[in-house]
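In what follows, a structure is listed as structure tokens, so that the remarks can point back to it.
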Ligand SMILES: N[C@@H](CCC(=O)N[C@@H](CS)C(=O)NCC(=O)O)C(=O)O
């Protein structure tokens with residue numbers, strides 16, 4: 001059976017989240033980092049954009065859909081419909097941090113609002129939700145892709161120079177979760193070889 005392929009540029013952007021979920025799920029995949037979208041690739045892209053994922057069953061665009069599909073296919077989305085729905089809700093919530101940060105770039109007032117209101121709101125909520133579920137993971141009794149999604153959001157804040165927002169004294173449970181996720185062997189293997197020079 002051939003390996004799945006994820007096409008994206010050599011940067012984190014919208015490609016990093018599906019890469020992390022694939023790695024967490026222990027999937028051997030071709031991490032195809034392209035320099036640009038050539039004509040041959042373009043004709044295959046539903047929206048003309050990357051990331052684009054393909055395996056023997058599907059060709060799929062949209063980073064969140066790819067992450068969700070991979071999580072369900074490899075049984076790391078939750079053990080039943082309710083767990084899957086709860087994992088999806090946590091996973092979706094990371095874009096309530098990532099999108100406002102991106103929208104605020106270059107605007108001092110919006111960036112300040114992001115740092116003092118938006119990010120703390122979600123960090124507080126994630127800390128509470130984790131504690132409510134026992135502290136080790138967000139949904140059910142084992143890691144799901146929701147944990148990886150939140151790891152990605154915290155990793156994103158670090159990558160853009162805002163790691164001080166994730167204060168370990170304010171968010172101890174979240175901080176521990178992030179470390180535990182980064183130590184999952186299949187994910188750690190990816191993180192250890194991830195290019196350090198990739199752009200946002
Ligand atoms: N909603 C899409 C956004 C994808 C997207 O904006 N991709 C950009 C790179 S981050 C792209 O392919 N741009 C090239 C183009 O539009 O020509 C997703 O989450 O996958």
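Numbering (the UniProt record's numbering), first residue to last: 1 to 200.
Backbone N, C-alpha and C define an ideal beta-carbon position, used for all residues, glycine too.
Relative to the alpha-carbon of residue 161, which residue among 30, 86, 101, 180 has its alpha-carbon at the smallest distance? 101
Cβ pair count under 8 Å reaching 3, the segment 56-63 against the segment 172-184: no
Check residue 5 in the structure and name its three-state DSSP category. strand
Am I right that residue 145 and residue 65 are in contact with their C-beta atoms under 8 Å? What's the rounded C-beta distance? Not confirmed; about 13 Å, so no contact.
Taking residue 31 as the reference, which of 41, 19, 25 has the closest Cα? 19
Determine the direct distance from the alpha carbon of residue 131 to that of residue 195, and round the result to whole angstroms. 33 Å
Quick one: does the C-beta of residue 14 sit closer than 7 Å to a heavy atom of ligand 1? yes
Other residues of its chain near residue 77: CB distance less than 8 Å, five sequence neighbours each side excluded: 68, 71, 83, 84, 87, 88, 144, 145
Taking 8 Å as the threshold, find out whether the segment 112-131 comes into contact with the segment 159-178 through three or more Cβ pairs. yes
Buried or exposed, going by whether 16 or more other CB atoms sit within 10 Å of the CB of residue 103? exposed
Could you spell out the range, first to last residue, of the alpha helix (DSSP H) harbouring residue 190? 185-193
Ordered along the chain, which non-local residues of its own chain (more than five positions away) have a Cβ less than 8 Å from that of residue 28? 3
Ligand 1 and residue 202: does the residue's C-beta get closer than 7 Å to at least one heavy atom of that ligand? The question about residue 202 has no answer, for the chain in this structure spans 1 to 200.
Along the chain, where does the beta strand (DSSP E) containing residue 281 start, and where does it finish? The chain is shown only over 1 to 200; residue 281 falls outside these bounds and no answer can be derived.
Name the DSSP bridge partner or partners of residue 31? 6
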